[in-house]
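Undergrad: The number in the numbering used here is simply the position in the sequence shown, starting from 1, with 76 added.
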Amino acid sequence: MDGIVARAEAEAYELFMGRWSRPVADRFLDWLKAPTGGDWIDIGAGTGVLTAAILERSAPRHLLAVEGSESFVAHLHHRFSDARLSIERGDALQLPLPEESRDVAVAGLFVNFTTSMEAALAEMRRVLRPGGLLGFYVWDYPSGGMGMLDAFWQAAMSVDPEAERSSERHRFADCDFAGLERACRAVGLEPAIGQIDTMSEHEDFEAYWRPFTQAPSTAKRYLDGLDPDARARLRGALAQRLDHGGPIRLPARAWCVKAQLPDK
Numbered sequence: 077m078d079g080i081v082a083r084a085e086a087e088a089y090e091l092f093m094g095r096w097s098r099p100v101a102d103r104f105l106d107w108l109k110a111p112t113g114g115d116w117i118d119i120g121a122g123t124g125v126l127t128a129a130i131l132e133r134s135a136p137r138h139l140l141a142v143e144g145s146e147s148f149v150a151h152l153h154h155r156f157s158d159a160r161l162s163i164e165r166g167d168a169l170q171l172p173l174p175e176e177s178r179d180v181a182v183a184g185l186f187v188n189f190t191t192s193m194e195a196a197l198a199e200m201r202r203v204l205r206p207g208g209l210l211g212f213y214v215w216d217y218p219s220g221g222m223g224m225l226d227a228f229w230q231a232a233m234s235v236d237p238e239a240e241r242s243s244e245r246h247r248f249a250d251c252d253f254a255g256l257e258r259a260c261r262a263v264g265l266e267p268a269i270g271q272i273d274t275m276s277e278h279e280d281f282e283a284y285w286r287p288f289t290q291a292p293s294t295a296k297r298y299l300d301g302l303d304p305d306a307r308a309r310l311r312g313a314l315a316q317r318l319d320h321g322g323p324i325r326l327p328a329r330a331w332c333v334k335a336q337l338p339d340k
């Protein structure tokens, strides 16, 4: 893939969602309390938010970043030059590692996007050594925990009730305490679950709206499927909710999960 195209796609994602996950990644690692000097894998590395935080804060011996998107893999290669880091394009449900080969397996804002959260967690567990540490975090979608997205879909549903089926609340209903605990226990993990609260801050309504029209996402696909009048009605409904002539601040809340495997 052309490097300019890859960077443009990555930059659009960063503007839309990636920047709000940076403080969550730092706080997740502080909460995870992984030992230093270990072999890590970051699954669904995306644009490298969690990857960068691990390299900066967790002193890994080696970190493998696995990502399925060709454009994001190209961006990761462009972004990082750390000798401790390897980058591979791969499937989260078929990780390119043998069994019991990592000390820490993590995923940031990703496992809910796989075809099976349980299968993704089972694969993370497979590559961990005895005593290894598994950790991940997801937005609290069922309770509107990613406020910028929830506001969009609430406005969309006010003009089109069918929009609910595309919303993260509907698609990721298991991203709550009970759902995450259930997924972990289904693959033999005993999880500890915490919560991280932060904010998304937008300079004004236009700064809030523009990323929805640029970054590949479910919201953009929904917008692209609307005729001009319906799109204008949605924007108007959003503006009525959020545009007060100044900055917009919306809550962002994530669930963080960790589980340590028993020693043999």
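Cβ atoms here follow ideal geometry from the backbone N, Cα and C, with glycine treated the same way.
Since the model is a prediction, treat every value here as computed from it, not as a measurement.
Out of Ser-97, Trp-229, Ala-159 and Phe-281, point me to the one whose CA is closest to Thr-123's CA.
TA: Sequence index remark: in the sequence shown, residue 123 carries index 47 (1-based). Closest option to Thr-123, Cα to Cα, is Ser-97.
Undergrad: Whole-angstrom Cβ separation of Ala-129 and Asp-102, contact assumed at under 8 Å?
TA: To locate residue 129, count along the sequence shown from 1; it is residue 53. To locate residue 102, count along the sequence shown from 1; it is residue 26. Indeed, because the Cβ distance is near 5 Å, the residues count as touching under 8 Å.
Undergrad: Looking at the unbroken beta strand (DSSP E) that takes in Pro-354, where does it start and where does it end?
TA: Limits of the chain in this structure are 77 at one end and 340 at the other, which puts residue 354 out of reach.
Undergrad: From which residue to which residue does the alpha helix (DSSP H) around Cys-332 run?
TA: What you label residue 332 is simply residue 256 of the sequence shown in a count that begins at 1. Run containing Cys-332: none in the alpha helix (DSSP H); it sits in the beta strand (DSSP E), 324-336.
Undergrad: Given this structure, state the Cα-to-Cα distance separating Cys-251 from Ser-219, to the nearest angstrom.
TA: Taking the sequence shown and counting its residues from 1, the one referred to as residue 251 is at position 175. Taking the sequence shown and counting its residues from 1, the one referred to as residue 219 is at position 143. Answer to the nearest angstrom: the Cα atoms are 9 Å apart.
Undergrad: Between which two residues does the beta strand (DSSP E) holding Val-142 run?
TA: For the purposes of this step, residue 142 is taken as the residue at position 66 of the sequence shown. Run containing Val-142: 138-143, per the beta strand (DSSP E) assignment.
Undergrad: Quick one, are the C-beta atoms of Leu-210 and Ala-335 less than 8 Å apart?
TA: Along the sequence shown, one-based indexing puts residue 210 at 134. Along the sequence shown, one-based indexing puts residue 335 at 259. Between Leu-210 and Ala-335, the C-beta spacing is below 8 Å.
Undergrad: Looking at Ala-239 and Met-233, is the spacing between their C-beta atoms short of 8 Å?
TA: Stepping through the sequence shown from its first residue, residue 233 is reached at position 157. Stepping through the sequence shown from its first residue, residue 239 is reached at position 163. Met-233 is a Cβ neighbour of Ala-239, given a cutoff of 8 Å.
Undergrad: Helix, strand or coil: how does DSSP classify Pro-206 here?
TA: Counting from 1 along the sequence shown, the entry for residue 206 is found at position 130. Residue state for Pro-206 is assigned as strand, using DSSP reduced to three classes.
Undergrad: Looking at the strands, I want to know which residues DSSP matches up with Glu-277.
TA: For the purposes of this step, residue 277 is taken as the residue at position 201 of the sequence shown. DSSP lists Arg-325 as the beta-bridge partner residues of Glu-277.
Undergrad: Using a 10 Å radius around the Cβ and a threshold of 16 neighbouring Cβ atoms, would you call His-151 buried or exposed?
TA: Here residue 151 is taken as the residue at index 75 of the sequence shown, counted from 1. Buried.
Undergrad: Are there 16 or more other CB atoms within 10 angstroms of the CB of Met-222, so buried, or fewer, so exposed?
TA: Your numbering for residue 222 matches position 146 in the sequence shown. Buried, since its Cβ has 16 or more Cβ neighbours within 10 Å.
Undergrad: Shortest alpha-carbon distance to Val-180 belongs to which of Arg-317, Lys-109, Val-100 and Asp-303?
TA: For this step, residue 180 is matched to residue 104 along the sequence shown. The shortest Cα separation from Val-180 among Arg-317, Lys-109, Val-100 and Asp-303 belongs to Lys-109.
Undergrad: Please return the same chain residues whose Cβ sits closer than 7 Å to the Cβ of Glu-164, not counting the five positions on each side in sequence.
TA: Residue numbering aside, residue 164 sits at position 88 when the sequence shown is read from its first letter. If we look at Glu-164 and ignore the five residues flanking it on each side, its Cβ neighbours are Leu-140, Val-142 and Pro-172.
Undergrad: For the candidate residues Ser-157, Gly-144 and Arg-155, whose alpha-carbon lies nearest to that of Pro-169?
TA: Residue 169 sits at position 93 when you count from the first residue of the sequence shown. Before going further, note that residue 169 is Leu rather than Pro in the sequence given. Checked all of Ser-157, Gly-144 and Arg-155; the closest Cα to Leu-169 is Gly-144.
Undergrad: Near Thr-127, which residues of its chain fall below 6 Å by C-beta distance, leaving aside the five closest residues on each side in sequence?
TA: The sequence position of residue 127 within the sequence shown is 51, counting from 1. In chain order, Asp-118, Ala-121 and Ala-141 place their CB closer than 6 Å to the CB of Thr-127, counting only its own chain and leaving out the 5 sequence neighbours on each side.
Undergrad: Between the Cα of Phe-92 and those of Leu-337, Lys-296 and Lys-340, spot the shortest distance and give me the residue it belongs to.
TA: Residue 92 sits at position 16 when you count from the first residue of the sequence shown. With distances taken between Cα atoms, Phe-92 lies closest to Lys-296.
Undergrad: Pull up the distance between the alpha-carbon of Tyr-298 and that of Ser-242, whole angstroms please.
TA: Reading the sequence shown from its first residue, position 222 is the one you call residue 298. Reading the sequence shown from its first residue, position 166 is the one you call residue 242. Taking the straight line joining both Cα atoms gives about 8 Å.
Undergrad: Which residues share a DSSP beta bridge with Arg-165?
TA: The residue you call residue 165 lines up with position 89 of the sequence shown. Glu-143.
Undergrad: Can you tell me whether DSSP reads Ala-262 as helix, strand or coil?
TA: Against the sequence shown, residue 262 aligns to sequence position 186. Residue state, collapsed to three classes: helix.
Undergrad: What does DSSP give as the partner residue(s) for Met-222 in the beta ladder?
TA: For this step, residue 222 is matched to residue 146 along the sequence shown. Ala-328, per the DSSP bridge assignment.
Undergrad: From the DSSP secondary-structure annotation, give me the bridge partner or partners of Gln-271.
TA: Taking the sequence shown and counting its residues from 1, one reaches residue 271 at position 195. Looking at the DSSP assignment, Gln-271 forms a beta bridge with Trp-331.
Undergrad: Grouping DSSP H, G and I as helix and E and B as strand, with all else coil, what is Gly-301?
TA: Numbered from its first residue, the sequence shown carries residue 301 at position 225. If DSSP states are grouped into helix, strand and coil, Gly-301 belongs with coil.
Undergrad: Mind checking who Gly-211 pairs with in its DSSP beta bridge?
TA: Translated into the one-based positions of the sequence shown, residue 211 becomes position 135. In DSSP, Gly-211 forms a bridge with Val-182 and Lys-334.
Undergrad: Please state whether DSSP places Asp-115 in a helix, a strand or coil.
TA: Taking the first residue of the sequence shown as 1, we reach residue 115 at position 39. If DSSP states are grouped into helix, strand and coil, Asp-115 belongs with the strands.
Undergrad: Quick check: the Cα distance between Gly-113 and Ser-192, rounded to an integer number of angstroms?
TA: Along the sequence shown, read from residue 1 onward, the residue named residue 113 stands at position 37. Along the sequence shown, read from residue 1 onward, the residue named residue 192 stands at position 116. Cα to Cα, the separation comes out at about 31 Å.
Undergrad: Where Val-182 and Gln-290 are concerned, what is the direct C-alpha to C-alpha distance, given to the nearest angstrom?
TA: Stepping through the sequence shown from its first residue, residue 182 is reached at position 106. Stepping through the sequence shown from its first residue, residue 290 is reached at position 214. Their backbone Cα atoms lie some 28 Å apart in a straight line.
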